[in-house]
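The numbering of the sequence shown is UniProt numbering, which starts it at 1 and goes up by one.
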Amino acid sequence: MPTLSRSSTVLCLLLALPAMLLAAGLAGGEPWRFAIRPSGDVATKLLVVTLCISPLRALFPQGRWIAWLVSRRRVFGLSAFFYALFHVVVFSASIGRLDWIIQGMAFASMWTGWIAFALLAGIAAISNQTAVTRLGRWWKRIQRLAYVSAALTLAHWLLLSASPFEALVHFGPLAGLWLARVARHFFPPVFRANLKDRSRS
Ligand code: HEM
């Protein structure tokens, strides 16, 4: 049976901390609504961190901390899904009626969230070695749907929020890293010159 390394155990405990605090608040009598925003917020942060790992590895292939992040990518991705699940559960509990939840899906602010969640659930379901072997090259293609989920999450947040600033700040690092990755693809000599300059200084 695979065992968790000490750093993975600490990471899992750290990632579980916000959920424990929210659960403690709910157990202490807070209304369901209290946990909707923070759980969505943490789910989004973890999704962005997960998606930043690939461009970071492409930009800094030698970094030891990148190797650590790559080896923990599954933990971050699954945590993003579990916080999204938490978010959906507390949202559904706060609404309390299935017909209202279904009617709400007609609004763009809601269906963007539901599709983002369905994609994360599908990706989480194939986050195991058996699925990797069975799906072959399709596994990676399906995993890329996480980017669609992130785009829908951004739309969901922008549609629900009065000020788009916070949502845009959350997705800024991901956009920046992808721009840098694309730039490196098209202008590799400029990047190499920058790296040489840095190693000399
Ligand atoms: C499954 C369907 C979903 C529903 C029904 C839903 C519902 C909601 C609702 C009602 C709010 C507003 C809460 C408030 O202003 O008090 C909200 C906010 C939010 N949701 Fe969702 N959501 C869903 C999926 C997701 C997913 C999958 C993510 C991220 C992976 C997400 C991330 C967020 C974020 C970041 C906010 C804003 C938090 C803030 O303003 O700080 N949601 N959601």
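Ideal Cβ placement from N, Cα and C applies to all residues, glycine included.
Outcome for residue i when other beta-carbon atoms lying within 10 angstroms are tallied against a minimum of 16
i	result
Leu15	buried
Phe76	buried
Val182	exposed
Ala116	buried
Ala27	exposed
Gly29	exposed
Phe187	exposed
Ser8	exposed
Phe165	exposed
Leu46	buried
Gly113	buried
Same chain, Cβ closer than 7 Å to residue i, neighbours up to 5 away in sequence not counted
i	result
Lys109	The residue asked about is misnamed: residue 109 is Ser in this sequence, not Lys. If we look at Ser109 and ignore the five residues flanking it on each side, its Cβ neighbours are His156, Leu159, Leu160.
Arg6	none
residue 208	Lying outside 1 to 201, the shown extent of the chain, residue 208 is not represented and no answer is given.
Ser39	Leu22, Tyr83, Phe86, His87, Val90
Pro173	Val48, Cys52
Ile95	Ile101
Ala167	Leu154, Trp157, Leu158, Ser161
Val42	Pro18, Tyr83
Val148	Leu119
Residue i - containing alpha helix (DSSP H), residue span
i	result
Met110	108-125
Trp68	64-71
Trp32	That residue, Trp32, is in no alpha helix (DSSP H); it is neither H nor E in DSSP.
residue 210	Because the chain spans 1 through 201 in this model, residue 210 falls outside it and cannot be assessed.
residue 203	The question about residue 203 has no answer here: the residues shown for the chain are numbered 1 through 201.
Gly104	98-104
Cβ-Cβ separation, residue j to residue i (assumed contact under 8 Å), whole Å
i	j	result
Thr50	Arg73	6 Å
Trp139	Val132	5 Å
Leu152	Gly122	About 13 Å; that fails the 8 Å criterion.
Cut-off 8 Å between Cβ atoms - residues of its own chain near residue i, not counting five sequence neighbours on either side
i	result
Leu177	Cys52, Pro55, Leu56, Leu59
Arg97	none
Ala93	Trp32
Residues near residue i in its chain [Cβ-Cβ closer than 6 Å; skip 5 each side]
i	result
Trp111	Met105
Met1	A caution first: Met1 carries a pLDDT of 43, below 50, which makes its placement in the model unreliable, though a value can still be read off. Cβ neighbours of Met1 beyond the five flanking positions: none.
CB contact check: residue i to chain D, cutoff 7 Å
i	result
Trp178	The chain inventory of the structure shown lacks chain D, comprising one protein chain alone.
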